[in-house]
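Quick notes on the structure that follows.
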Ligand code: IVH
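Numbering (our numbering), first residue to last: 328 to 995.
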């Protein structure tokens, strides 16, 4: 090892320690000690070294927070302990009931309640082994979640290394988007003509599920850690102690935490926060009340779904009185007509509300909502506002009864309401509202992923009559695009490239992009895998489809109906002639050299398959397998009980993959 390299290694370690310290000061403590410029200098120096000596890069380097490549999907992972949810309490009475149940179970002992904000975001679990952040997962069904490590790493308040010792630790927390970030994101979307996100929670969920960590990184998510899921070798006696441990370990723990002995004080505190919550920079939908003693927690135990030692007090939704000015109808991608009330503007949960969803015709009849009515509107948990009830005493007799239009408000075609459904639909496949929404869906990230083709451009293309369905996209010329307002030569060329590139997409993406009702991404993938070609899928009988375990009769029927429509077949035919791929590249015959030029070493016991199989998976994808770790090793795949190879890899700075990460890399 030459001297330069040795020096670089030491400096790299030093830089990482420094950067982590600054991340902690800035993102966890909100108390930076250096300027942004100084911080950037450190990052740039580290990047320079890592470029010079790529073998020094580890998954835990601060430069790797936005390091992962976009995945095809997320691998699933089992949590070390189940992630339960909470029972809800909506009234003082229900809080008193909770208190009585707790006291009965601990037979007269003193009880302490910890009360903390209930952040309205997404539950995640973070796993640390030997102090390193190795896995982050969504809650999933509570037992099994999805591996979103790469996206979570972009949250800078998540420590890559713990600041105190724990051999194995799994912590739980809530990822959220601050109100201000959410407002900024929606402003940008509105300017780009993109659909607005309903609330910060959905925005956070969408960001975490981004397959491309670079996009997730732009979304500035944050996290509060509120508990321990699994810990080894360390005894903790109370929840407050656990929170202190988490704080000392470097996690961001919410400081708004209080402890009470009496439920009456808890109730008073809850009511106090009901009004104060809007001043917080993030959305909370209630408070969580937890029995402090872990001994008592253990005795109280849990039901299938939730612990008996905790309860979520949910704030009542914000309500306000306003008037229905008119009722308008929107036509969605699948042709569903959705009535929306246009309201006299009213302030609700801190935002100015002008619309409320009325869901469907039946609901309007049930609540007897008329144009001109005075109504109570509500916004629960920051979702789209709705009309709760009509104040009939305020009627003047001038109110008008509303009826669902018999013709589509966009194209004038007949509407129908299929038996047993609440939704009224436009029957025309050529309905512009449907084509527009269909095109937006076709081009969207998880469908054909045509970058640069958002709603604003689609609207212009439709308006200029350059296209009327997805097949038209593939006939567009540079001249067509440059003729559009707001599209310069560079964007036009990029868009043309993106459209062209989309021809190579997998069959699964294509099937999803068609926008067949009930066929989501997962069903599309399963169908593409099973049938292999679009022709096979189009020719498949319903029984053949329902024979696949995940495909039910509803999906099968919808697919059959879709392909039975002459117009849909014509569009597909044009797409095929334009050169869009309709074959699924099968894993074994891909020539897909995902891992070309990379060398792997495997250690420890793998859960999902034998070592032999793992080696085959690597070789199939063009990678090499070696039996010992050296500086030319790119990755060490680490199963249970790894041997000395792990230490060697660590010492050499070779990237270590756990089984989930390895599977994700294989695209499995
Ligand atoms: S404790 C076993 N504490 O609320 C107890 N949850 O259904 C697990 N949440 O899934 C939850 N803030 O996503 C806890 N301070 C907090 C929380 C919190 C938000 C979420 C969490 C959970 C849901 C309850």
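Think of the CB as a built atom: it goes at the ideal place given N, C-alpha and C, for glycine as much as any other residue.
- Distance from the CA atom of residue 885 to the CA atom of residue 821, rounded to whole angstroms, is 35 Å.
- DSSP places residue 569 in the uninterrupted alpha helix (DSSP H) bounded by 566 to 575.
- Looking at the backbone, the Cα of residue 587 and that of residue 443 are separated by about 11 Å.
- The ligand IVH has a heavy atom closer than 7 Å to the beta-carbon of residue 445.
- Taking residue 337 as reference, the option from 983, 991 and 979 with the minimal CA-CA separation is 979.
- In this structure, residue 497 and residue 556 form a Cβ contact; the two beta carbons are roughly 4 Å apart against a cut-off of 8 Å.
- Contiguous beta strand (DSSP E) elements confined to the stretch 469 to 495 occur at 471 to 473, taking only those with 3 or more residues.
- Where residue 542 is concerned, the enclosing alpha helix (DSSP H) starts and stops at 540 to 545.
- Of all alpha-carbon atoms in 511, 897, 562 and 488, the one lying nearest the alpha-carbon of residue 547 is that of 511.
- DSSP places residue 895 in the helix class (H, G or I) of the three-state scheme.
- The C-beta separation of residue 471 from residue 405 comes to about 5 Å, placing the pair in contact by the 8 Å criterion.
- For residue 553, the distance from the CB to the nearest heavy atom of the ligand IVH is below 7 Å.
- Closer than 7 Å to some heavy atom of the ligand IVH: that describes the Cβ of residue 634.
- The ligand IVH approaches residue 501 closely enough that one of its heavy atoms is under 7 Å from the residue's Cβ.
- Within the same chain, and ignoring the five residues on either side of residue 742 in sequence, the residues whose Cβ sits closer than 8 Å to its Cβ are 664, 731, 732, 733, 734, 735, 751, 752, 753 and 754.
- Exclusion of residue 452 from the 7 Å shell around the ligand IVH follows from its C-beta lying no nearer than that to any non-hydrogen atom of the ligand.
- Taken atom to atom, the span from the alpha-carbon of residue 965 to that of residue 454 is near 15 Å.
- Under the three-state reduction of DSSP, residue 620 is assigned to strand.
- In terms of Cβ geometry, residue 445 and residue 638 do not form a close pair [threshold 8 Å].
- In this model, residue 659 and residue 761 are separated by some 6 Å (Cα to Cα).
- Taking the Cβ of residue 637 as the reference point, at least one heavy atom of the ligand IVH falls within a distance shorter than 7 Å.
- Taking non-hydrogen atoms of the ligand IVH into account, the C-beta of residue 429 is found less than 7 Å away from none of them.
- In this structure, the straight-line span from the alpha carbon of residue 423 to that of residue 692 is close to 38 Å.
- Distances from the CA of residue 673 to each of 723, 387, 950 and 714 were compared; the closest alpha carbon is that of 714.
- Residue pairing by DSSP places residue 752 opposite 663 and 743 in a beta bridge.
- C-alpha of residue 346 to C-alpha of residue 696: approximately 58 Å in a straight line.
- For the set 701, 675 and 655, the Cα lying nearest the Cα of residue 645 is the one of 675.
- Distance from the CA atom of residue 585 to the CA atom of residue 433, rounded to whole angstroms, is 21 Å.
- Collapsing the DSSP output to three states places residue 440 in a strand.
- In the DSSP secondary-structure assignment, residue 452 is bridged to 464 and 499.
- Secondary structure note for residue 597: its alpha helix (DSSP H) is the uninterrupted segment 590 to 603.
- Relative to the ligand IVH, the beta carbon of residue 565 is positioned no closer than 7 Å to any heavy atom.
- At least one heavy atom of the ligand IVH lies less than 7 Å from the C-beta of residue 466.
- Inclusion of residue 449 and residue 633 in the CB contact set at 8 Å is not warranted, their separation being larger than that value.
- In the structure shown, residue 910 falls within a strand segment according to DSSP collapsed to helix, strand and coil.
- Judged by the Cβ position, residue 627 fails to qualify as a neighbour of the ligand IVH at the 7 Å threshold, every heavy atom of the ligand being at least this far.
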